[in-house]
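In the numbering used here, the protein residues as written are 9 to 73.
This is the structure we're talking about:
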């Protein structure tokens with residue numbers, strides 16, 4: 009079950025590894041020892057988009073070096 013929407017089947021393990029941008033792995037192929045958020049394809053794509061937009065906003069507003 010997707011940990012974001014709680015309606016769809018989770019097929020990806022979303023992990024934040026050495027950056028604040030998420031990495032998506034198929035369940036079972038994720039990197040051991042790091043926290044995992046189980047997500048469906050839609051929620052995984054939405055979270056990556058949100059993080060990319062936040063990074064772009066910070067870069068354009070001069071808050072990111």
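Where is the CB? At the ideal position from N, CA and C, for every residue including glycine. Note that the structure is a prediction, hence the values are computed from the model and not measured.
Query raised in the report: Quick one, are the C-beta atoms of residue 42 and residue 25 less than 8 Å apart?
Result: Stepping through the chain shown from its first residue, residue 42 is reached at position 34. Stepping through the chain shown from its first residue, residue 25 is reached at position 17. In contact: residue 42 and residue 25 (Cβ atoms closer than 8 Å).
Query - Cβ-based neighbour list, residue 45, same chain, cut-off 6 Å, excluding 5 preceding and 5 following - result: The residue labelled residue 45 in the question sits at position 37 within the chain shown. Closer than 6 Å at the Cβ level, and outside the excluded window around residue 45, lie 11 and 22.
Query raised in the report: Hey, would you say residue 16 sits closer than 8 Å to residue 50, going by beta carbons?
Result: On the chain shown, residue 16 is found 8 positions in, with the first residue counted as 1. On the chain shown, residue 50 is found 42 positions in, with the first residue counted as 1. Yes. Within cutoff.
Query raised in the report: When burial is assigned at 16 or more other CB atoms within 10 Å of the CB, is residue 70 buried or exposed?
Result: For the purposes of this step, residue 70 is taken as residue 62 along the chain shown, with counting starting at 1. Residue 70 is exposed by the Cβ-count criterion.
Query - Check: residue 10 C-beta below 7 Å from any heavy atom of the ligand ATP - result: Because no ligand of any kind appears in the structure shown, any question about the ligand ATP cannot be addressed here.
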